[in-house]
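Note sheet for the following structure.
Protein chains: 2
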Amino acid sequence: MSVAVITYYRRMGRWEPNTRERLAKAALELYSERGYEQATVAEIAGRAGLTERTYFRHYADKREVLFDGSPVLQKLFVDAVEGMPAGAAPIDAVAAGLDAVSAMFADRRAFARQRQAVIVANAELQERELIKLASLAAAVAGALRSRGVAEPAASLTAEAGIAVFKVGFERWIAAGEERPMELLMRQSLDELKAVTAGA
Amino acid sequence: MSVAVITYYRRMGRWEPNTRERLAKAALELYSERGYEQATVAEIAGRAGLTERTYFRHYADKREVLFDGSPVLQKLFVDAVEGMPAGAAPIDAVAAGLDAVSAMFADRRAFARQRQAVIVANAELQERELIKLASLAAAVAGALRSRGVAEPAASLTAEAGIAVFKVGFERWIAAGEERPMELLMRQSLDELKAVTAGA
DNA sequence: GCACTGATGTCAGTGGCTGTCATCACGTAC
DNA sequence: GTACGTGATGACAGCCACTGACATCAGTGC
Chain A
844 MSVAVITYYR RMGRWEPNTR ERLAKAALEL YSERGYEQAT VAEIAGRAGL TERTYFRHYA
904 DKREVLFDGS PVLQKLFVDA VEGMPAGAAP IDAVAAGLDA VSAMFADRRA FARQRQAVIV
964 ANAELQEREL IKLASLAAAV AGALRSRGVA EPAASLTAEA GIAVFKVGFE RWIAAGEERP
1024 MELLMRQSLD ELKAVTAGA
Chain B
844 MSVAVITYYR RMGRWEPNTR ERLAKAALEL YSERGYEQAT VAEIAGRAGL TERTYFRHYA
904 DKREVLFDGS PVLQKLFVDA VEGMPAGAAP IDAVAAGLDA VSAMFADRRA FARQRQAVIV
964 ANAELQEREL IKLASLAAAV AGALRSRGVA EPAASLTAEA GIAVFKVGFE RWIAAGEERP
1024 MELLMRQSLD ELKAVTAGA
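These protein sequence lines map, in sequence, to chains A and B. With the numbering used here as the guide, the letters of the first sequence map in order to residues 844 to 1042. With the numbering used here as the guide, the letters of the second sequence map in order to residues 844 to 1042.
Below you can see the structure in the form of structure tokens.
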């Protein structure tokens, strides 16, 4: 079974193509089937037709294979923030970022649910997810500063945006939920505005 | 040197007392002197007059030794939230939590700076810090729900409070900063309210 | 042909972390 | 005061994540 997978690919060069993607697929499968801790890197590599050493040439550690999409997500968010007209309020620039990432996730809810189920089941993976979100917050804060927003307003607006993303994402992948991410993000942002509207 | 340390303690029972504290002190020293990655658990244990195996009986892993105060911080925050009068707004209950933890940190700025310098220098330690803050946010959200706050308002208010804490804490330990944490937390919270006050 | 490139394999080694059993000062019962 | 139970620790073997160093070899450019 583990070797059969590679027969689905047609050899085009010296090695099977799409090495990273094969590793990512094998890892998500194994983590889903047996749990993150019970899977070894050697097994993941074997299922992808590779060796453990080659796995570590493509991913920094056992967790990173689940976070390949993180840079793409970050670029989407930051570009949207930077693309807003100069006069727009910081919170509206962040809202544009949330819209942009919502569009990307639109047709990937099933994948997101499977991946999130793996992450929620393991503390190490949650840690990695949190530092990716922190990196995203830092990048968004940087984008806001480049728009002329001062500190600490830039960091606070960015952190608030990530908080909305976390809560909105959680609602989006909840069992039975079918409404689009964009709607849930907007609702969450409005809710945040409501609870922080102090007397 | 590593053995001399234990001579500072007077033997009161079969073993040297304050085992956990000795380990925490040795770890912070070694992490500060040589960096987190360059220190081994065996060295930490040796400096505390113990063996590696005993270290792992007191702390779950190499990182956890820096986060012993986390449960105390969480309890302080949650108790303050739950102690607010029933009619108080959620955001004001969170503000009370921020005040409570600020009081705890008041006379520990030097220690906090040393510890934070170690954490900022290493990604693994940042991950651990982030999951402690996520745990804190979850606990605060639970406290708010027990006050009758519905979801997603409870989670959003809690996340907003943690965002304020992160930004306020960073400002509090900045080089040259001498103003009290309580003031910086209040300023940060006011700033968050300002940036989220959408049209 | 031939040297060069670059992705992969192989192997040895470090260190975080765990399970298991032995040790032994202390308290308690009798 | 002797015997027994308790609990923190030490000693040891072992797994696995991760790394450095070197070998391999199909493709590429000349």
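Where is the CB? At the ideal position from N, CA and C, for every residue including glycine.
For residue i, does the three-state DSSP call read helix, strand or coil?
i, result
"B/K975", "helix"
"A/W858", "coil"
"A/E785", "Absent from the structure is residue 785 of chain A, since the part of chain A shown begins at 844 and ends at 1042."
"B/Y898", "helix"
"B/R951", "coil"
"A/M1024", "helix"
"B/R906", "coil"
"B/A997", "helix"
"A/D922", "helix"
"B/R958", "helix"
"A/V848", "Note on A/V848: pLDDT 35, under 50, position unreliable in the model; the coordinate value appears next. Reduced to three states, the DSSP call for A/V848 is helix."
"A/V992", "coil"
"A/D911", "coil"
"B/P933", "helix"
"A/A891", "coil"
"A/R853", "Since pLDDT at A/R853 reaches only 41, below the 50 mark, its modelled position is unreliable, and the value read off the structure follows with that caveat. Correct three-state label for A/R853: coil."
"B/I1016", "coil"
"A/A882", "coil"
"A/A1040", "coil"
"B/A964", "coil"
Is residue i close to chain A? Criterion is C-beta to C-beta, closer than 8 Å.
i, result
"B/K1036", "yes"
"B/E1000", "For the record, residue 1000 of chain B in the displayed sequence is Thr; it is not Glu. With 8 Å as the cut-off, B/T1000 counts as an interface residue toward chain A."
"B/E970", "yes"
"B/P928", "no"
"B/T894", "no"
"B/V924", "no"
"B/K1009", "yes"
"B/I887", "no"
"B/V846", "In this predicted model, B/V846 has a pLDDT of only 33, less than 50, meaning its place in the structure is not dependable; the value taken from the coordinates is given anyway. Not an interface residue."
"B/S945", "no"
"B/A953", "no"
"B/I962", "no"
"B/A1003", "yes"
So, is residue i buried or exposed, given that buried needs 16 or more other C-beta atoms within 10 angstroms?
i, result
"A/A980", "buried"
"A/T1000", "buried"
"B/L973", "buried"
"A/G878", "exposed"
"A/V1007", "buried"
"A/T1039", "buried"
"A/V963", "exposed"
"B/V915", "exposed"
"B/P933", "buried"
"A/A960", "exposed"
"B/P928", "exposed"
"B/A869", "buried"
"A/W881", "The amino acid occupying residue 881 of chain A in the given sequence is Gln; Trp does not appear at that position. That one is exposed."
"A/A993", "exposed"
"A/G940", "buried"
"B/A984", "buried"
Considering only the beta carbon of each residue, do residue i and residue j sit closer than 8 Å?
i, j, result
"A/L1032", "A/A931", "no"
"A/A982", "A/R988", "no"
"B/E1025", "B/S945", "yes"
"B/R1043", "B/L871", "For residue 1043 of chain B there is no data in the structure shown, the boundaries of chain B being 844 and 1042."
"A/Y902", "A/A888", "no"
"B/L976", "B/A1003", "no"
"A/A867", "A/V908", "yes"
"A/E970", "B/E970", "yes"
"A/V924", "A/A1018", "no"
"A/A949", "A/L919", "no"
"A/A891", "A/R857", "no"
"A/V1010", "B/P995", "yes"
"B/Q1030", "B/S978", "no"
Between the options, which has its C-alpha nearest residue i's C-alpha?
i, options, result
"A/R906", "A/V1007, A/N965, A/A997, A/E925", "A/N965"
"B/R951", "B/D904, B/E864, B/W1015", "B/W1015"
"A/A955", "A/Q881, A/R896, A/E1013", "A/E1013"
"B/T894", "B/P1023, B/S875, B/R863, B/I1005", "B/R863"
"A/P1023", "A/E967, A/A953, A/V921", "A/A953"
"A/D922", "A/R990, A/F910, A/R900", "A/R990"
"A/M947", "A/G912, A/E967, A/R896", "A/G912"
"A/V884", "A/M1028, A/G926, A/D904", "A/D904"
Spell out whether any CB of chain B is found under 8 Å from the CB atom of residue i.
i, result
"A/I1016", "no"
"A/L973", "yes"
"A/S1031", "yes"
"A/A986", "no"
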